[in-house]
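Enquirer: Start counting the sequence shown at 11; every next residue gets the next number (the working numbering).
Below is the structure I would like to discuss, written out as structure tokens.
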Amino acid sequence: MSNKEMRELPEILRSLKGRSDGLKSPEPAYFEALAKASLEEGQRSTVVRKLPFRQLLAVAAAILLLIGVWVFSPAGDTSADAMAAEPLNSEELLDQLTAEDIDAYIDDQLYDFESELYAEAPLN
């Protein structure tokens, strides 16, 4: 550091240069107290909270009851029947559509179609 820079430093910073390296280690009592506090913290037992057995049993029974209601509900049986039915093929599905359904779909989705193709399509 140059002399000019040393003169510009506040007095407290200039005085640090005169003392060793500026670091001061704590007193030995600090380390003894730290070791003692660490040992006491490590020897302290932790508190373990346990659920009473009756509460745990009540929660398990409620969960089993809800699962049973869901599995054996009538709504579950009808969906199984609907899934067992054979799906319709594309020809059968197209036969179920009416001209009004097709026109309504096109009116709702008109902006998704290319207008040139729609204009060139033959009318039924």
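C-beta: ideal position from N, C-alpha, C; glycine also.
1. What does the alpha-carbon distance come out to for the pair R17 and L23?
2. Which ranges does the beta strand (DSSP E) cover as unbroken runs of at least 3 residues, wholly within the segment 48–83, from first to last along the chain?
3. D113 lies in the alpha helix (DSSP H); which residues open and close that run?
4. Just curious, the alpha helix (DSSP H) that D105 is in, first and last residue?
Expert: The answer reads as follows:
1. Going by the C-alpha atoms only, they are around 10 Å apart.
2. Here no run is fully enclosed.
3. A109 to D118 is the span of the alpha helix (DSSP H), which, as asked, contains D113.
4. Start and end: S100 to D105.
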